[in-house]
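In my numbering, the protein residues as written are 1 to 442. Below is one structure, written out as structure tokens, with a few remarks after it.
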């Protein structure tokens, strides 16, 4: 791309133009310089997002692109005195395509101001190429938005061809004879090298956008997982099986009342917090799982919280990494606070004990309990005397087989199912079941 030209009134070739075999290496070198600077820029600005950056970040990106444009122009290739070519068209076209209006306009303004400071008869051509390249990038971006990360190599190459056809067309702002002679020698190298450089630089930006998308998705997934763990009262652990050191999620620590910033988990500390009655069974389950004797690690135990109370924990784990000899190296798992469940189970067990003690030995009231399938789960002594079936004979059998006469079973089963499923008690029925053939009511 021209950077400066001899005055218009000077004859175009008072010095001989370079041989064609020197053009390709020179343009390739300039394109390589641009790609190298772009690669360094990508490495040093990873923390800045290309997608939806703030205005200060956009301005900073624009200034950086403007500086790169100036460096490119300072490293341009001289065709003849006053006529030079460089890859600013590549840089500004890609800037418009990927960075948006604010950074591109800032970069174009800086590049144009630098070109104006050089002065000379080629000012119009040089500034025109700057403006055209950036504008084409912005127009293509508008056409493609918002999916610039889906740009293919082919599309980037075609974009580069368009930008540099326009760039070559702007050579006609030069004196006619000069423009024809320049185009005759430089068109082929420019159209072979610069679109390729555009596609390579654009691919670098596409890869960066994909990295940003992946990072954003990982962050979103991590946040969803964190919220799910909080809702489920769960914590994660990542255990080094050989050293006993563990990395845990914040929820793991807060579950036990600790500040996550101060909590450091090790195997020894974990065992120290275990309830004395749980240490040996839990340790045995862990050893058997690590040794491959049991298929899964699933244990329930009590751990002391920071406040001194006991929390019931359900621990699940799986070895996910082995060394070359087959030794377990890394284990991932979850801790779930099941204290409320355990308290409910204990309350239910206590209630059941009171129920059994209340109805077990009531002499004249037959009491039966059954599950959702009407299978007997409770059969007191009075039921044994009244219906003639021992507890061992009754448990697990359908209730209707024991106490409902055959001709009434269908109606009673329907009534029980309606009560079970809809909570509606139907008309009560009187029935008498003959006693067991081998026993008689006392």
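For every residue, glycine included, the Cβ atom is placed at its ideal position computed from N, Cα and C.
Leaving aside the five residues before and after residue i along the sequence, list all residues of the same chain whose C-beta is less than 6 Å from its C-beta, in chain order.
i	result
residue 299	282, 285, 315
residue 244	266, 267
residue 323	329
residue 390	384
residue 263	253
I'd like to confirm the pairing. Which residues does DSSP put opposite residue i in its beta bridges?
i	result
residue 311	303
residue 236	334
residue 246	239, 265
residue 319	331
residue 378	369
residue 456	Residue 456 cannot be examined here, being either before or after the span of the chain that is shown, 1 to 442.
residue 398	375
residue 297	317
Under the rule that 16 or more other beta-carbon atoms within 10 Å means buried, what is residue i, buried or exposed?
i	result
residue 312	buried
residue 320	exposed
residue 153	exposed
residue 186	buried
residue 351	exposed
residue 126	buried
residue 213	exposed
residue 36	exposed
residue 30	buried
residue 113	exposed
residue 246	buried
residue 122	buried
residue 294	exposed
Do the CB positions of residue i and residue j come within less than 8 Å of each other?
i	j	result
residue 331	residue 239	yes
residue 197	residue 170	no
residue 100	residue 136	no
residue 252	residue 164	no
residue 303	residue 273	yes
residue 290	residue 241	yes
residue 357	residue 368	no
residue 400	residue 412	yes
residue 301	residue 278	yes
residue 33	residue 201	no
residue 27	residue 98	no
residue 106	residue 134	no
residue 157	residue 199	yes
residue 144	residue 151	yes
Below 8 Å on the Cβ atoms is my guess for residue i versus residue j; work out the distance and round it to an integer in Å.
i	j	result
residue 317	residue 297	4 Å
residue 124	residue 173	6 Å
residue 194	residue 76	Residue 194 to residue 76, Cβ: 13 Å. No contact.
residue 380	residue 366	7 Å
residue 87	residue 72	6 Å
residue 66	residue 38	Going by Cβ atoms, the distance from residue 66 to residue 38 rounds to 14 Å, so no, they are not a contact pair.
residue 256	residue 305	5 Å
residue 79	residue 190	The Cβ separation is near 11 Å, so there is no contact.
residue 159	residue 140	6 Å
Please list, in chain order, all residues of the same chain as residue i whose beta carbon is under 8 Å from its beta carbon, the five residues on each side excluded.
i	result
residue 55	102
residue 373	398
residue 341	312
residue 210	149
What does a CB cutoff of less than 7 Å around residue i pick up in its chain, not counting 5 residues either side in sequence?
i	result
residue 9	At residue 9, the pLDDT of 35 sits below 50, so the modelled position is not reliable and the matter cannot be decided from this model.
residue 128	170, 173
residue 416	374
residue 42	204, 208
residue 371	377
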